[in-house]
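**Q**
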Amino acid sequence: MAQTILIVEDERDLLSTIEYNLQREGFDTRAATTGEMALRLAERDPRPELVLLDIMLPDLSGTEVCRRLRQSDALRRVPVIMVTARGEEIDRVVGFEVGADDYVVKPFSVRELVLRVKAILRRVKGGDGDGAGETTFGKLRLDPAAHRVFVEDVEVVLTALEFRLLSTFLTRRGRVQSREVLLADVWGIEADVTTRTVDTHVKRLREKLGVCGGYVETLRGVGYRFRANPDDASQADADGDTP
């Protein structure tokens, strides 16, 4: 069965162009020109595998639509790519903070957009089908098959990209990961994605992990490292170190 992409865009010419190119690549598409319409279409079966979401909409903002998707039990893990003319760093940060998985600035290459869609869908499929069992690390428990994360037995809701980032850290614990390596292995595409994107996602991931946020250690000028032992994070806190 073809994968369904929900396109949310109020510029009808651009909407038609994106829709045509995705359909040519074998995707099913749904189109919405307002935020409220997007939320209704997202609830329709089959649920979309990915949402392309413009920020500047005539009713709700794209960030509000993304926030509501993340609050829905049925839709909170659906990847979201924000598509917008607003490319300032603060706009990207806000987009990532409300749960976007990627951010594309207009004008953009439609071919690049399609590649980003495919890259994210590959990551989601790969993460769900890698056959790995549950992993427990200190107060953190990760279940790849169910795409669920628990901190002290309380579930933490992560976006598809945050889950991929955490899984990558956890499977490489004790090893340094540069921002460039994370971009290549987690994001899966290098076009117009900066190392600042990595920092923003790591910050957001730490916040969501709460007491387990200290498992991710910053190595200034190098990158990040997931601690080899959960007790190391407790010791670092006791010593007054900042993760």
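Per the numbering used here, the sequence shown starts with residue 22, numbered consecutively.
Glycine included, each C-beta is placed from N, C-alpha and C at the ideal position.
(1) Applying the criterion that 16 or more other CB atoms from any shown protein chain within 10 Å of the CB defines a buried residue, is residue 44 buried or exposed?
(2) Within the chosen definition, does the stretch 68-84 reach the stretch 44-59 through at least 3 CB pairs nearer than 8 Å?
(3) With DSSP run on the structure shown, which of helix, strand or coil describes residue 208?
(4) Can you give me the start and stop residues for the alpha helix (DSSP H) that residue 103 sits inside?
(5) Assuming residue 245 and residue 159 form a contact by the criterion Cβ under 8 Å, report the distance between their Cβ atoms to the nearest whole angstrom.
(6) Please go through the same chain and pick out, in chain order, the residues whose beta-carbon is closer than 6 Å to the beta-carbon of residue 101, but skip the five residues on each side of it.
(7) Are residue 96 and residue 68 touching if we call contact CB-CB under 8 Å?
(8) Report the residue from 251, 218, 181 whose alpha carbon sits nearest the alpha carbon of residue 233.
(9) Can you give the Cα-Cα distance for residue 247 and residue 187, rounded to whole angstroms?
(10) From the DSSP output, which residues share a beta bridge with residue 199?
(11) Since residue 28 sits in a beta bridge, which residues does DSSP pair it with?
(12) Per the contact definition of three or more C-beta pairs closer than 8 Å, is the stretch 174-181 in contact with the stretch 200-207?
(13) Quick one: what's got a C-beta closer than 6 Å to residue 182's C-beta in the same chain, skipping five residues either side?
(14) Is it right to say residue 155 is buried, meaning 16 or more other beta carbons lie within 10 angstroms of its own, or is it exposed?
(15) For residue 140, which of helix, strand or coil comes out of DSSP?
(16) Taking 8 Å as the threshold (C-beta atoms), are residue 52 and residue 70 in contact?
(17) Taking the C-alpha atoms as reference points, what is the distance between residue 259 and residue 253?
(18) Decide if residue 216 is buried, meaning its Cβ has at least 16 other Cβ atoms within 10 Å, or exposed.
(19) In three-state DSSP terms, what is residue 119?
(20) Quick check: the Cα distance between residue 42 and residue 157, rounded to an integer number of angstroms?
**A** In short, the structure shows the following:
(1) Residue numbering aside, residue 44 sits at position 23 when the sequence shown is read from its first letter. Residue burial is scored here from C-beta neighbours: residue 44 has fewer than 16 other C-beta atoms within 10 angstroms and is therefore classed as exposed.
(2) Segments in contact, yes.
(3) The residue given as residue 208 occupies position 187 in the sequence shown. In this structure, residue 208 counts as helix in the three-state DSSP scheme.
(4) Start at 1 with the first residue of the sequence shown, and residue 103 comes out as number 82. In this chain, residue 103 is not harboured by any alpha helix (DSSP H); it is covered by the beta strand (DSSP E) spanning 101-105.
(5) For the purposes of this step, residue 245 is identified with residue 224 of the sequence shown, where counting begins at 1. For the purposes of this step, residue 159 is identified with residue 138 of the sequence shown, where counting begins at 1. In fact, because the Cβ distance is near 17 Å, the residues do not count as touching under 8 Å.
(6) Here residue 101 corresponds to residue number 80 of the sequence shown, with the count starting at 1. Only 72, 74, 87, 121, 122 meet the Cβ criterion.
(7) Residue mapping note: residue 96 aligns to position 75 of the sequence shown, counting from 1. Residue mapping note: residue 68 aligns to position 47 of the sequence shown, counting from 1. Yes, the Cβ-Cβ distance between residue 96 and residue 68 is below 8 Å.
(8) On the sequence shown, position 212 is the one that residue 233 refers to. Comparing C-alpha distances from residue 233 to each of 251, 218, 181 shows the shortest one belongs to 251.
(9) As a first step, residue 247 must be located in the sequence shown, where it is residue number 226. As a first step, residue 187 must be located in the sequence shown, where it is residue number 166. Approximately 9 Å between the Cα atoms of the pair.
(10) Residue 199 sits at position 178 when you count from the first residue of the sequence shown. The partner list for residue 199 (beta bridge, DSSP) reads 244.
(11) Working through the sequence shown from its first residue, we reach residue 28 at position 7. DSSP lists 52, 73 as partners of residue 28.
(12) No: the two stretches stay apart, fewer than three of their Cβ pairs being nearer than 8 Å.
(13) Mapped onto the sequence shown, residue 182 falls at position 161. If you ignore the 5 residues before and after residue 182, its C-beta comes within less than 6 Å of the C-beta of 122, all in its own chain and listed in chain order.
(14) Your numbering for residue 155 matches position 134 in the sequence shown. Burial call: exposed.
(15) Against the sequence shown, residue 140 aligns to sequence position 119. Three-state DSSP puts residue 140 in a helix.
(16) Along the sequence shown, one-based indexing puts residue 70 at 49. Along the sequence shown, one-based indexing puts residue 52 at 31. No, Cβ-Cβ distance for residue 70 and residue 52 is not below 8 Å.
(17) Here residue 259 corresponds to residue number 238 of the sequence shown, with the count starting at 1. Here residue 253 corresponds to residue number 232 of the sequence shown, with the count starting at 1. Caution is warranted here: a pLDDT of 38 is assigned to residue 259, below 50, making its placement in the model unreliable, and the coordinate value is therefore given only provisionally. For residue 259 and residue 253, the distance between alpha carbons rounds to 10 Å.
(18) Here residue 216 corresponds to residue number 195 of the sequence shown, with the count starting at 1. Residue 216 is exposed by the Cβ-count criterion.
(19) Working through the sequence shown from its first residue, we reach residue 119 at position 98. When secondary structure is reduced to three states using DSSP, residue 119 falls in the coil class, being assigned neither helix nor strand.
(20) Here residue 42 refers to the residue found at position 21 of the sequence shown. Here residue 157 refers to the residue found at position 136 of the sequence shown. Distance between the alpha carbons of residue 42 and residue 157: 42 Å.
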